[in-house]
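Here my numbering = 1-based position in the sequence shown + 269.
All C-beta atoms in this analysis are idealised placements derived from N, C-alpha and C, irrespective of residue type, glycine included.
These figures come from a predicted structure and were not determined experimentally.
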Amino acid sequence: MKMITVLSISFFLAACTQNPPTSSQPVDEKTLAETRNVATQLVSTLGAALKKEIATNGAASAIGVCNVAAPEIAASLSQQTNWQVGRVGTRARNPNNQPNDWQQAALNTFAQRAAQGEKFEQMETYSVSQVDNKPTLLYAKAIGLQPMCVQCHGQSAQISADVKARLLALYPADKAIDYNVGELRGAVVIVRPL
Ligand code: HEC
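If you want it as structure tokens, here you go:
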């Protein structure tokens, strides 16, 4: 009997965290546009730095861009805005980039929306929650896998021995491989007190 109760509670909890996040409270267009803009900035700054480093010094060297510059760019945007800005993965390379429950639910919705044909470029979701008793915007913007990304996130055959060795040294618990182009890779996530 106890077992059944425990089971049903955990099913109930699982069902809760699986629920797609909804915009419980309306968020004005200006707030949303500012938030979206910061998310886009993270993706484009990082993408540009990555592209440049791969072109000049190759993928193995560009691991430094992701390893050092990605958290730095996110930290600098967080500092400028006073929000929390970061990235999460559907399968994380860096354990710090593991999604929390809300973010996991957001990723689940993104995967469903992509399966229905929606493009990643415009894909976002958000909701307003009480965090430390303050209304807070939780925001996520989808990140899809592009051809450039397979050098470090693709199938084994697409990743050079050099890159593999560096990834293994830096991320012994790396889960962020075996992705295909067009697959959901993760999201930019923002926590913004309103
Ligand atoms: C040169 C290798 C390299 C390339 C190319 C690369 N990444 Fe990464 N990626 C990494 C590394 C290293 C990390 C871990 C960063 C960290 O420690 O925060 C990472 C982490 C991430 C994360 C955060 C979640 C996680 O798994 O930790 C996302 C999202 C991501 N990459 C998306 C992409 C996308 C999209 C592209 C293509 C536009 C791309 N990456 C190209 C090496 C790369």
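Could you tell me whether any non-hydrogen atom of ligand 1 is closer than 8 Å to the CB of PRO340?
Yes, the Cβ of PRO340 comes within 8 Å of a heavy atom of ligand 1.
In chain order, each beta strand (DSSP E) run of at least 3 residues that lies wholly inside the region 304-391
Here the runs fully enclosed are 353-358.
On the criterion of 16 or more Cβ atoms from any shown chain inside 10 Å, does SER313 qualify as buried, or is it exposed?
Classification of SER313: exposed, given that the 10 Å Cβ count is below 16.
How should PRO462 be labelled, buried or exposed, when 16 other C-beta atoms within 10 angstroms of its C-beta is the threshold for buried?
Around the beta carbon of PRO462, fewer than 16 other beta carbons lie within 10 angstroms, which makes this residue exposed.
In the DSSP assignment, what are the bridge partners of TYR408?
Bridge partners of TYR408: TYR395 and ILE459.
Pick helix, strand or coil for LEU453, following the three-state DSSP scheme.
Three-state DSSP puts LEU453 in a strand.
Any heavy atom of ligand 1 closer than 8 Å to the beta-carbon of GLN420?
Set against 8 Å, the gap from the CB of GLN420 to the closest heavy atom of ligand 1 is smaller.
Would you call PRO368 buried or exposed, if buried means 16 or more other Cβ atoms sit within 10 Å of its Cβ?
Answer is buried; the Cβ neighbour count reaches 16.
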